[in-house]
Amino acid sequence: MPKIKSKRVGFVLDMTPMVDVAFLLLTFFMLTTQFRPPEVVSVSLPGSHSDNKLPDSDILTVSVGKDNAIYMGVDSQPARVGIFERVIRQNLVGAGYSDAAIEDSLKSFKLNDGFEVRPENLEKMIINARLSNPKLRPVIRADVDADYQAIDVVIKAFKKTNMPIFNLITNLEG
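Right, dumping it as C-alpha coordinates:
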(Lines of atoms letter the chains of each structure in order from A and count residues from 1; the text may use other names and numbers.)
(Lines give C-alpha, C1' and ligand atoms only; values in the text may rest on other atoms or scores of the structure.)
Protein backbone atom coordinates (compact mmCIF):
# COMPACT_ATOMS: atom_id res chain seq x y z
CA MET A 1 0.00 0.00 0.00
CA PRO A 2 1.14 3.48 -0.75
CA LYS A 3 2.23 5.65 2.12
CA ILE A 4 0.00 8.59 2.95
CA LYS A 5 1.88 11.84 3.04
CA SER A 6 1.02 14.14 5.87
CA LYS A 7 0.18 17.74 5.15
CA ARG A 8 2.92 20.21 5.93
CA VAL A 9 2.00 22.99 8.25
CA GLY A 10 3.10 26.36 6.80
CA PHE A 11 5.36 28.72 8.68
CA VAL A 12 3.68 32.04 9.51
CA LEU A 13 5.73 35.12 10.38
CA ASP A 14 4.00 38.21 11.71
CA MET A 15 5.62 41.27 10.09
CA THR A 16 3.94 43.88 12.29
CA PRO A 17 6.84 44.18 14.79
CA MET A 18 9.34 44.42 11.92
CA VAL A 19 7.46 47.37 10.42
CA ASP A 20 7.35 49.05 13.83
CA VAL A 21 11.11 48.66 14.25
CA ALA A 22 11.74 50.00 10.74
CA PHE A 23 9.68 53.13 11.38
CA LEU A 24 11.29 53.66 14.79
CA LEU A 25 14.74 53.53 13.17
CA LEU A 26 13.61 55.86 10.39
CA THR A 27 12.22 58.33 12.93
CA PHE A 28 15.39 58.12 15.03
CA PHE A 29 17.67 58.88 12.09
CA MET A 30 15.45 61.71 10.86
CA LEU A 31 15.45 63.39 14.27
CA THR A 32 19.18 63.00 14.97
CA THR A 33 20.48 64.04 11.55
CA GLN A 34 22.38 67.31 11.45
CA PHE A 35 21.92 69.19 8.23
CA ARG A 36 24.79 71.00 6.61
CA PRO A 37 24.42 74.73 7.30
CA PRO A 38 23.96 76.98 4.27
CA GLU A 39 27.16 78.48 2.92
CA VAL A 40 27.74 82.21 3.16
CA VAL A 41 28.94 82.33 -0.42
CA SER A 42 28.93 79.50 -2.94
CA VAL A 43 32.49 78.71 -3.89
CA SER A 44 33.58 76.23 -6.56
CA LEU A 45 36.84 74.94 -5.16
CA PRO A 46 39.95 74.14 -7.18
CA GLY A 47 41.19 70.57 -7.28
CA SER A 48 44.26 69.09 -5.62
CA HIS A 49 45.80 65.75 -4.70
CA SER A 50 46.30 66.51 -1.01
CA ASP A 51 44.12 64.58 1.42
CA ASN A 52 44.84 66.42 4.68
CA LYS A 53 41.78 66.57 6.91
CA LEU A 54 40.70 69.72 8.72
CA PRO A 55 39.83 69.58 12.41
CA ASP A 56 36.17 69.70 13.38
CA SER A 57 36.45 72.76 15.61
CA ASP A 58 38.47 75.94 16.13
CA ILE A 59 38.49 76.97 12.47
CA LEU A 60 38.69 80.53 11.14
CA THR A 61 37.44 80.39 7.54
CA VAL A 62 38.04 83.22 5.10
CA SER A 63 36.19 82.71 1.80
CA VAL A 64 36.85 84.55 -1.44
CA GLY A 65 33.99 84.46 -3.96
CA LYS A 66 33.91 84.80 -7.74
CA ASP A 67 33.34 88.53 -7.39
CA ASN A 68 36.43 88.79 -5.10
CA ALA A 69 34.25 89.57 -2.09
CA ILE A 70 35.80 88.39 1.18
CA TYR A 71 33.74 86.57 3.80
CA MET A 72 34.91 85.51 7.24
CA GLY A 73 33.43 82.85 9.46
CA VAL A 74 34.25 81.35 12.83
CA ASP A 75 32.83 77.99 13.82
CA SER A 76 32.38 78.69 17.55
CA GLN A 77 29.70 81.00 18.96
CA PRO A 78 31.91 82.39 21.76
CA ALA A 79 34.42 83.60 19.17
CA ARG A 80 31.58 85.18 17.14
CA VAL A 81 30.33 86.96 20.25
CA GLY A 82 33.88 88.20 20.93
CA ILE A 83 34.15 89.63 17.42
CA PHE A 84 30.76 91.29 17.80
CA GLU A 85 31.61 92.82 21.19
CA ARG A 86 35.04 94.10 20.17
CA VAL A 87 34.29 95.43 16.69
CA ILE A 88 30.69 95.49 15.54
CA ARG A 89 29.03 96.75 18.73
CA GLN A 90 31.31 99.81 18.74
CA ASN A 91 30.38 100.58 15.13
CA LEU A 92 26.65 100.20 15.86
CA VAL A 93 26.82 102.39 18.98
CA GLY A 94 28.79 105.00 17.02
CA ALA A 95 26.12 104.94 14.30
CA GLY A 96 23.41 105.66 16.90
CA TYR A 97 21.54 102.34 16.99
CA SER A 98 19.36 101.56 20.02
CA ASP A 99 20.28 98.88 22.55
CA ALA A 100 17.39 96.67 21.39
CA ALA A 101 18.60 96.84 17.78
CA ILE A 102 22.13 95.99 18.88
CA GLU A 103 20.90 92.96 20.86
CA ASP A 104 18.88 91.78 17.84
CA SER A 105 22.00 92.16 15.72
CA LEU A 106 23.97 90.09 18.23
CA LYS A 107 21.37 87.30 18.14
CA SER A 108 21.43 87.09 14.36
CA PHE A 109 25.24 87.41 14.27
CA LYS A 110 25.61 84.43 16.62
CA LEU A 111 23.54 82.28 14.27
CA ASN A 112 25.27 83.27 11.03
CA ASP A 113 28.21 81.20 9.89
CA GLY A 114 29.91 84.05 8.11
CA PHE A 115 29.82 87.71 7.23
CA GLU A 116 31.27 89.94 4.55
CA VAL A 117 34.46 91.79 5.43
CA ARG A 118 36.07 94.68 3.62
CA PRO A 119 39.75 94.04 2.83
CA GLU A 120 40.89 96.97 4.99
CA ASN A 121 39.05 95.51 8.04
CA LEU A 122 40.20 91.91 7.57
CA GLU A 123 43.29 92.16 9.81
CA LYS A 124 41.27 93.74 12.63
CA MET A 125 38.64 90.99 12.40
CA ILE A 126 41.29 88.25 12.40
CA ILE A 127 42.99 89.76 15.46
CA ASN A 128 39.69 89.97 17.35
CA ALA A 129 38.82 86.41 16.39
CA ARG A 130 42.19 85.24 17.74
CA LEU A 131 41.64 87.21 20.96
CA SER A 132 38.32 85.40 21.41
CA ASN A 133 39.84 81.98 20.67
CA PRO A 134 43.65 81.67 20.47
CA LYS A 135 43.39 78.09 19.15
CA LEU A 136 41.81 79.13 15.84
CA ARG A 137 43.35 77.58 12.72
CA PRO A 138 43.18 79.77 9.60
CA VAL A 139 41.62 78.31 6.46
CA ILE A 140 41.14 79.90 3.03
CA ARG A 141 38.27 78.85 0.73
CA ALA A 142 38.80 80.55 -2.61
CA ASP A 143 36.75 80.20 -5.77
CA VAL A 144 38.49 78.89 -8.88
CA ASP A 145 37.59 82.10 -10.73
CA ALA A 146 38.67 84.51 -7.96
CA ASP A 147 41.51 86.89 -8.75
CA TYR A 148 44.85 86.15 -7.15
CA GLN A 149 45.02 89.71 -5.77
CA ALA A 150 41.99 89.06 -3.56
CA ILE A 151 43.52 85.83 -2.26
CA ASP A 152 46.83 87.62 -1.74
CA VAL A 153 45.05 90.19 0.46
CA VAL A 154 43.88 87.32 2.69
CA ILE A 155 47.33 85.68 2.77
CA LYS A 156 49.01 88.98 3.68
CA ALA A 157 46.42 89.60 6.41
CA PHE A 158 47.17 86.19 7.92
CA LYS A 159 50.91 86.89 7.81
CA LYS A 160 50.54 90.35 9.40
CA THR A 161 48.46 88.89 12.23
CA ASN A 162 51.16 86.30 12.99
CA MET A 163 49.33 83.38 11.37
CA PRO A 164 51.82 82.38 8.65
CA ILE A 165 50.60 78.77 8.48
CA PHE A 166 47.15 78.27 6.97
CA ASN A 167 45.25 75.67 4.97
CA LEU A 168 43.67 76.02 1.54
CA ILE A 169 40.42 74.10 1.07
CA THR A 170 40.27 72.23 -2.23
CA ASN A 171 38.34 69.41 -3.88
CA LEU A 172 40.13 66.08 -3.93
CA GLU A 173 40.93 64.99 -7.47
CA GLY A 174 41.11 61.35 -7.95
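Per my numbering, residue 20 is the first one in the sequence shown, and the count goes up by one each step. Even glycine gets a Cβ: it sits at the ideal position worked out from N, Cα and C.
Under 8 Å between C-beta atoms of phenylalanine 134 and valine 158: no
Buried or exposed by the 16-neighbour rule on C-beta atoms within 10 Å, applied to tyrosine 167: Tyrosine 167 is classed as exposed because its beta carbon has fewer than 16 other beta carbons within 10 Å across all chains shown.
Candidates Val60, Val93, Val163 and Thr52, of which the one nearest alanine 148 by Cα: Val93
Supposed contact pair leucine 141 and alanine 176 - C-beta distance, whole angstroms, cut 8 Å: Yes, they are in contact, since the Cβ atoms of alanine 176 and leucine 141 sit about 4 Å apart, within 8 Å.
Residue closest to threonine 80, alpha-carbon to alpha-carbon, out of Asp171, Leu155 and Asn190: Leu155
Whole-angstrom distance between asparagine 131 and valine 112, CA atom to CA atom: 21 Å
Top-ranked residue by Cα proximity to serine 95, from Ile170, Pro153, Tyr116 and Val106: Pro153
Nearest-angstrom Cβ-Cβ length linking valine 40 and tyrosine 90, presumed shorter than 8 Å: Not confirmed; about 45 Å, so no contact.
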